[in-house]
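Here the structure is laid out as structure tokens; the discussion comes afterwards.
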């Protein structure tokens, strides 16, 4: 931590990145750090691979979608492997002045200097510590962003990665004015009519094997209900809520012959190991892999085979 704080203090221009297709923790960490550094007088660029999805349009912070050159420091947050930087991977890796701040246990180094707390539920919690070390005041805006990341990665404190420290931090953020109820509703209690159509579709795709559940949704399936998968397919927590199911895999074809898999599990399985078989990773209870090339039928066959082998181990 001390080395990171020192480098941040000496840098004047800083670019901050998160992983592609960002979730609430990635966005919360990205914007909380960016805003906090700006308040220190730094020239900061928050960088996203693509525009924010409709679900997160309540985030009004400035960001860019192109790689900024000639920065004193490049920081990535919540990035467990270089490929997760998406189109920025090559440009980021060739820079010498790079820092990564992360909380994933199974990971590949992305930067010259790393700070990783694998025991921490969310990356946003680490950003809170960084900002406190930098003497940045945590006001309502920063508290809300950090809470968004914390709530997102703990599933509103339902996942087993939730710790005593997570609850203590949530209380501290509430004291700072975090819009807890607004965030909880936007992340966990807000469904569009299109989302309900998607849930109905997913229910028709359930396939059980012992204590596992596989749900595969093709690009053609999305088109059949008029749903744009580019807006996000936030189904995994819903389909993983079935009693008696200890491992859930959601396979989606968001573009023709480009698939993603999301995994969730109970304490019984470490799905980060399963995700690694597909070039992905993540946490014990929540992992995934993105941009798998090939026909969804072929990937589904491989997925079923890997799951059968995995649960035998």
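Numbering (our numbering), first residue to last: 22 to 334.
For glycine and all other residues, C-beta sits at the position ideal for the given N, C-alpha and C.
- Message: Considering Cα atoms alone, identify which of 299, 186, 294 and 59 is closest to residue 305.
- Response: Start at 1 with the first residue of the chain shown, and residue 305 comes out as number 284. Selection 299, 186, 294 and 59 evaluated against residue 305 yields 294 as nearest (Cα-Cα).
TODO: Classify residue 144 as helix, strand or coil using the three-state DSSP reduction.
DONE: Position 123 of the chain shown, counting from 1, holds the residue named residue 144. Of the three classes helix, strand and coil, the one that applies to residue 144 here is helix, per DSSP.
For residue 66, the nearest candidate out of 189, 91 and 115 (CA to CA) = Position 45 of the chain shown, counting from 1, holds the residue named residue 66. Distance check between residue 66 and each of 189, 91 and 115 places 91 closest, using alpha-carbon atoms only.
Quick check on residue 15: does DSSP put it in helix, strand or coil?
Within the shown structure, residues of the chain are numbered from 22 to 334, placing residue 15 beyond reach of any answer.
Note to self: Less than 8 Å between the beta carbons of residue 27 and residue 63, yes or no?
What the structure shows: Here residue 27 is taken as the residue at index 6 of the chain shown, counted from 1. Here residue 63 is taken as the residue at index 42 of the chain shown, counted from 1. Against a cut-off of 8 Å, the Cβ pair of residue 63 and residue 27 comes out as no contact.
| task | Quick one: using the 10 Å Cβ neighbour count with 16 as the cut-off for buried, is residue 302 buried or exposed? | result | Working through the chain shown from its first residue, we reach residue 302 at position 281. With 16 or more Cβ atoms within 10 Å of its Cβ, residue 302 is classed as buried.
- prompt: Which two residues bound the contiguous alpha helix (DSSP H) that contains residue 239?
  reply: Here residue 239 is taken as the residue at index 218 of the chain shown, counted from 1. Looking at the DSSP string, residue 239 is not in any alpha helix (DSSP H), and its letter there is neither H nor E.
### Query
Looking only at DSSP bridge pairs, what is residue 276 linked to?
Within the chain shown, residue 276 is the residue found at index 255, counting from 1. Note: residue 276 is bridge-paired with 279 in the DSSP secondary-structure output.
### Query
Who are the Cβ neighbours of residue 137 in its own chain at under 6 Å, not counting the five residues just before and after it?
Taking the first residue of the chain shown as 1, we reach residue 137 at position 116. Leaving aside the five residues that flank residue 137 on each side, the residues in its chain whose CB is nearer than 6 Å to its CB run, in chain order, 123.
For the segment 168 to 235, list the alpha helix (DSSP H) runs that are entirely contained and at least 4 residues long, ordered along the chain.
Runs found: 185 to 196, 201 to 209 and 214 to 224.
Original post:
If residue 50 sits next to residue 189, beta carbons under 8 Å apart, how far is it from one beta carbon to the other, in whole angstroms?
Top reply: Here residue 50 is taken as the residue at index 29 of the chain shown, counted from 1. Here residue 189 is taken as the residue at index 168 of the chain shown, counted from 1. No, residue 50 and residue 189 are not in contact; Cβ-Cβ is about 18 Å, not under 8 Å.
Problem set entry | Nearest-angstrom Cα separation, counted from residue 317 out to residue 277 | In the chain shown, the residue the question calls residue 277 occupies position 256. In the chain shown, the residue the question calls residue 317 occupies position 296. Separation of residue 277 and residue 317 (C-alpha to C-alpha, rounded to the nearest whole angstrom) is 9 Å.
Beta-carbon proximity list for residue 116, same chain, < 7 Å, skipping 5 on both sides: Residue mapping note: residue 116 aligns to position 95 of the chain shown, counting from 1. The residues are 95.
- Task: Identify the continuous alpha helix (DSSP H) that holds residue 299 and give its terminal residues.
- Result: For the purposes of this step, residue 299 is taken as the residue at position 278 of the chain shown. It is not in any alpha helix (DSSP H) - residue 299 carries neither H nor E in the DSSP assignment.
Checklist entry - How many angstroms separate the CA atom of residue 88 from the CA atom of residue 291? => result Indexing the chain shown from 1 puts residue 88 at position 67. Indexing the chain shown from 1 puts residue 291 at position 270. If you take the alpha carbons of residue 88 and residue 291, they lie about 35 Å apart.
Since residue 220 and residue 259 are thought to touch, with beta carbons under 8 Å apart, how far apart are those beta carbons, to the nearest angstrom? Reading the chain shown from its first residue, position 199 is the one you call residue 220. Reading the chain shown from its first residue, position 238 is the one you call residue 259. Rounded, the Cβ-Cβ distance is 6 Å, consistent with contact.
* **Anticipated Cβ contact below 8 Å, residue 100 with residue 121, distance rounded** => Position 79 of the chain shown holds residue 100. Position 100 of the chain shown holds residue 121. Residue 100 to residue 121, Cβ: 6 Å. Contact.
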